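Quick note, the sequence shown lines up with residues 10 to 249 if you use my numbering. Glycine residues also receive a C-beta, built at the ideal position from the N, C-alpha and C atoms. Note that the structure is a prediction, hence the values are computed from the model and not measured. Let me begin by presenting the structure, written as structure tokens, before commenting on it.
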Amino acid sequence: MALKWILFDKDGTLIDFDMSWMKVGIQMVDEFVERYISPENAEHAYKTLGVDKEQDQVLPGTPMACGSLDEIIQNFNALAGEDVSEWTRQTSQYLIDHRVPEIKWIEGMTDALDTLKDAGYQIGILTSDTKKGTEQFIEATNTEAFFDFIISTEANAAEKPNPEVLRPLFDHAPDLKADEIAIIGDSPNDIQTAVNAGLGLSIGVLTGVGQEHELQHADYVVQSAPEAVEILEKKNGREA
Numbered sequence: 010m011a012l013k014w015i016l017f018d019k020d021g022t023l024i025d026f027d028m029s030w031m032k033v034g035i036q037m038v039d040e041f042v043e044r045y046i047s048p049e050n051a052e053h054a055y056k057t058l059g060v061d062k063e064q065d066q067v068l069p070g071t072p073m074a075c076g077s078l079d080e081i082i083q084n085f086n087a088l089a090g091e092d093v094s095e096w097t098r099q100t101s102q103y104l105i106d107h108r109v110p111e112i113k114w115i116e117g118m119t120d121a122l123d124t125l126k127d128a129g130y131q132i133g134i135l136t137s138d139t140k141k142g143t144e145q146f147i148e149a150t151n152t153e154a155f156f157d158f159i160i161s162t163e164a165n166a167a168e169k170p171n172p173e174v175l176r177p178l179f180d181h182a183p184d185l186k187a188d189e190i191a192i193i194g195d196s197p198n199d200i201q202t203a204v205n206a207g208l209g210l211s212i213g214v215l216t217g218v219g220q221e222h223e224l225q226h227a228d229y230v231v232q233s234a235p236e237a238v239e240i241l242e243k244k245n246g247r248e249a
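Okay, here's the thing in structure tokens:
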């Protein structure tokens, strides 16, 4: 089955990982620790969640780096010893709504998108960012023409790697089959979405939060997303 749609993750795939997300993650953990964790257990909580306070950074491969909100909630609940899911969702939404995005394209990405569009692919974004954040990205980069469909993450919506996250696309294109879709992303959740949904191709990239061994279930792992053009050209037998 020939591929028709290419879905890109945004942060860490289309653009350098937006450092404003790291700031949001650190601030959320700070507020969680202050509210729910005793001082003697604070160091353990930061380490478990993957926040290095000395370096003021989120460590790769940890819950705050690449976990879904549901996974973060599970970790928070375990550390707090109580259900803090509602507080976590509200705090996460507030911090995300008030963040200021920092946008820098992956080198060669706009040329790659041009090439894929010229080759006839439909191109979408599948992101854990909110609708507001994604719209800010589109507006700031003036790239509305690149993207045929956008799936963002809203409150109480399905999240990667739940295959239901793709439901809006199937509603938009009812005749589309799962094996006609490729996902390109930097996190294990991107790749697991492709596995769970039975998609036609998954390509992991090393420009974001995922480490190579965490992307082992991808069909291909490349340094950056523009390298996917050659893979798609070979797989589909069309000039890309």
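Quick one: what's got a C-beta closer than 7 Å to residue 163's C-beta in the same chain, skipping five residues either side? Taking the sequence shown and counting its residues from 1, the one referred to as residue 163 is at position 154. When the five nearest sequence neighbours on each side are left out, the beta carbons in the same chain lying within less than 7 Å of the beta carbon of residue 163 are those of 139, 140, in order along the chain.
Neighbourhood of residue 113 by C-beta distance below 7 Å, restricted to the same chain and skipping five residues each side: Sequence index remark: in the sequence shown, residue 113 carries index 104 (1-based). Close CB contacts of residue 113 within its chain, under the 7 Å cut and outside five residues either way in sequence, are with 24, 25 (chain order).
Please give the ranges of any beta strand (DSSP E) in the segment 79–134, keeping only runs that are unbroken, at least 3 residues long and fully inside the region. none
Work out the CA separation of residue 212 and residue 220 for me, nearest whole Å. Indexing the sequence shown from 1 puts residue 220 at position 211. Indexing the sequence shown from 1 puts residue 212 at position 203. Distance between the alpha carbons of residue 220 and residue 212 is about 13 Å.
So which of 78, 79, 77, 59 has the shortest CA-CA distance to residue 70? Mapped onto the sequence shown, residue 70 falls at position 61. That would be 59, whose Cα lies nearest to the Cα of residue 70.
Less than 8 Å between the CB atoms is what I'm expecting for residue 12 and residue 210, so what's the real figure, rounded? Counting from 1 along the sequence shown, the entry for residue 12 is found at position 3. Counting from 1 along the sequence shown, the entry for residue 210 is found at position 201. In this structure, residue 12 and residue 210 form a Cβ contact; the two beta carbons are roughly 6 Å apart against a cut-off of 8 Å.
Are at least three pairs of beta-carbons, each pair with one atom in the segment 29–37 and one in the segment 101–113, less than 8 Å apart? yes
Should residue 190 and residue 16 be called a contact, given that it needs their Cβ atoms to be closer than 8 Å? Taking the first residue of the sequence shown as position 1, residue 190 is located at position 181. Taking the first residue of the sequence shown as position 1, residue 16 is located at position 7. Yes, these two residues count as a Cβ contact at 8 Å.
Which same chain residues, not among the five before or five after residue 200, have their C-beta less than 7 Å away from its C-beta? Here the question's residue 200 lines up with position 191 in the sequence shown. Answer for residue 200: 194, 211, 213, 224, 226, 227, listed in chain order.
For the segment 126–136 against the segment 35–46, do three or more pairs of beta-carbon atoms, one drawn from each stretch, fall closer than 8 Å, so that the two count as touching? no
Could you tell me the alpha carbon to alpha carbon distance between residue 80 and residue 72, rounded to whole angstroms? What you label residue 80 is simply residue 71 of the sequence shown in a count that begins at 1. What you label residue 72 is simply residue 63 of the sequence shown in a count that begins at 1. Residue 80 and residue 72: Cα-Cα distance of roughly 7 Å.
Give a yes or no on whether the C-beta atoms belonging to residue 14 and residue 125 are separated by under 8 Å. Taking the sequence shown and counting its residues from 1, the one referred to as residue 14 is at position 5. Taking the sequence shown and counting its residues from 1, the one referred to as residue 125 is at position 116. Not closer than 8 Å, so no.
Buried or exposed, going by whether 16 or more other CB atoms sit within 10 Å of the CB of residue 20? Position 11 of the sequence shown, counted from the first residue, corresponds to residue 20. Under this definition residue 20 is a buried residue.
Collapsed DSSP secondary structure at residue 175 in the structure displayed: Within the sequence shown, residue 175 is the residue found at index 166, counting from 1. Helix.
Nearest-angstrom Cα distance between residue 203 and residue 182? Against the sequence shown, residue 203 aligns to sequence position 194. Against the sequence shown, residue 182 aligns to sequence position 173. Taking the straight line from one Cα to the other gives about 18 Å.
Look up residue 57 in the DSSP assignment and say whether it is helix, strand or coil. By one-based count along the sequence shown, residue 57 stands at place 48. Of the three classes helix, strand and coil, the one that applies to residue 57 here is helix, per DSSP.
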